[in-house]
Amino acid sequence: GDIVAAVFYAILIALIVIGNSLVIGSFKINRRLRTTTNYFIMSLAIADMSIGTISIPLWVYFSMLPSLRLSKMIEYKFWLTFDIIVGVSSILNLTLISMERCYALLRPIQHRNIRKRVVVALILLAWCLAILAGCLQFIMKGRVMQKRYPVILATAFFLVPVIIIFGTYAVIFRIATKHARGRGVRSFRKDLRIATTVAVVIGLFTFAWAPFFALNFFYSICGDLDPTFKLCGSVPDVFRAIIKWMQYGNSACNPIVYGFRNRDFRLAFKRII
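So in our numbering, spot 101 of the sequence shown is number 122, and the numbers just go up one at a time.
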């Protein structure tokens with residue numbers, strides 16, 4: 022069982038590292054890929070790469086240790102914090118991508134004039150908020166506040182961004198269906214194709230991360246109703262492991278989606294390989 026699990030871990034890490042290395046490498050060598058959207062995709066790839074190179078190996082290591090030892094280990098606290106930071110960074114970058122795509126369709130002229138420093142500032146803001154999300158558990162004092170941390174995390178950094186993302190894409194596809202026939206412009210079709218690609222990425226992200234936040238929310242609420250955690254503790258280890266796999270597996274999916282749906286990325290991948 023452990024050998025099979027180790028093989029799957031190795032495959033997942035390899036897929037994440039190879040896929041996101043191709044995205045980062047393509048962005049670096051191909052100037053055509055340095056568009057506003059792709060700066061956010063680059064930031065997302067960095068977060069995904071961090072998951073593959075740091076989060077998953079540490080998760081594998083800690084999953085082999087007795088649970089009683091973990092709470093006292095500084096390395097374990099570092100992993101928990103880092104895991105939250107890169108996860109929140111992913112969803113915030115996806116939120117920025119959806120807003121940028123919507124702006125490109127609503128205000129194409131103004132969108133073309135967006136300065137690089139504005140994009141970089143937004144990316145830095147996303148990472149700063151992600152760091153705040155990860156460190157919030159150390160800022161919040163008291164047992165009650167500590168128990169509320171998963172609820173705050175799930176609401177502020179998952180539920181709210183997902184609502185924004187789905188709302189933005191509802192606007193995008195409404196515009197697309199209304200004006201696609203009348204505006205037979207190549208650039209509009211390209212924007213729409215990119216928007217569809219990102220919508221697929223967001224759908225995968227939501228599917229992958231929703232169970233993780235739901236489980237943490239469940240544990241927080243369950244702790245109030247069942248302080249001994251007799252019922253909460255009944256959640257099978259296999260179920261928790263599957264949720265973690267879904268979360269991490271998303272980092273391997275994003276580069277695959279870009280490679281299949283984005284011609285420029287596909288050509289850049291071939292050049293690197």
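Glycine is no exception: its CB is placed at the ideal position from the N, C-alpha and C atoms. Quantities reported herein were computed from a predicted structural model and do not represent experimental measurements.
Residue range of the alpha helix (DSSP H) that includes K93:
Counting along the chain, K93 falls outside any alpha helix (DSSP H), and DSSP gives it neither H nor E.
The region 24-44 / the region 269-279 touching (three or more Cβ pairs under 8 Å)
The region 24-44 is in contact with the region 269-279.
Three-state secondary structure (DSSP) at K98?
When secondary structure is reduced to three states using DSSP, K98 falls in the helix class.
Helix, strand or coil for I24 per DSSP?
In the structure shown, I24 sits in a helix (DSSP, three-state: H, G or I).
Which residues in the same chain have their Cβ closer than 6 Å to the Cβ of L79, if we skip the five residues on either side of it in sequence?
Listed in chain order, the non-local C-beta contacts of L79 below 6 Å within the same chain comprise W100, local neighbours out to five positions each way being set aside.
Measure the C-alpha to C-alpha separation of L145 and V109 and round it to an integer number of angstroms.
In this structure, the straight-line span from the alpha carbon of L145 to that of V109 is close to 13 Å.
In chain order, what residues of the same chain have a beta carbon less than 7 Å from the beta carbon of I227, not counting five sequence neighbours either side?
Correcting the residue type first, residue 227 is Thr in the shown sequence and not Ile. Cβ neighbours of T227 beyond the five flanking positions: V183.
By alpha-carbon positions, which one of N41, A220, D258 ends up nearest to G270?
Comparing alpha-carbon positions, the option among N41, A220, D258 lying closest to G270 turns out to be N41.
Proximal residues to M91 (C-beta, below 8 Å), its chain only, five neighbours per side dropped:
For the sequence presented, residue 91 should be read as Leu rather than Met. F83, Y97.
For M85, count neighbouring Cβ atoms within 10 angstroms of its own Cβ and tell me buried if that reaches 16, exposed if not.
M85 comes out exposed.
Grab the span of the alpha helix (DSSP H) containing P129 for me, first residue to last.
P129 -> alpha helix (DSSP H) spans 129-133.
Please report the distance separating the alpha-carbon of T249 from that of K93.
Bear in mind that the predicted position of T249 carries a pLDDT of just 45, short of 50, making it unreliable; the figure below should be weighed with that in mind. When rounded, the separation of the alpha-carbon atoms in T249 and K93 is 20 Å.
With 16 other Cβ atoms within 10 Å as the buried cut-off, status of V140:
Per the 10 Å Cβ criterion, buried.
When V28, A31, R55 are compared against A289, the one with the closest alpha-carbon
It is R55.
Evaluate the contact criterion for the region 179-197 versus the region 216-223: three or more CB pairs, one atom per stretch, below 8 Å.
With a cut-off of 8 Å, the region 216-223 and the region 179-197 count as touching, because enough Cβ pairs lie within range.
By the three-class DSSP mapping on this structure, what secondary structure does P257 have?
Looking at P257 - three-state DSSP - the assignment turns out to be coil, as it is neither helix nor strand.
Can you tell me the Cβ-Cβ gap for G73 and I106, rounded? I've got them flagged as a contact below 8 Å.
The C-beta distance from G73 to I106 rounds to 15 Å, too long to fall under 8 Å, and the pair is not in contact.
Cβ of T57 within 8 Å of Cβ of I135?
In contact: T57 and I135 (Cβ atoms closer than 8 Å).
For N59, report the span of its alpha helix (DSSP H) as first-last.
Annotation: the continuous alpha helix (DSSP H) that includes N59 extends over 57-71.
Taking C-alpha atoms, which residue in R128, G46, A31 lies nearest to I75?
Per the Cα distances, A31.
Out of F260, V222, V221, state which residue places its alpha-carbon closest to the alpha-carbon of A235.
Answer by Cα proximity: F260.
Can you tell me whether L36 is helix, strand or coil according to DSSP?
Helix at L36.
By the 10 Å Cβ neighbour count, where 16 or more other Cβ atoms means buried, how is D247 classified, buried or exposed?
Low per-residue confidence applies at D247: pLDDT is 46, beneath 50, and the placement is therefore not dependable enough to give any value.
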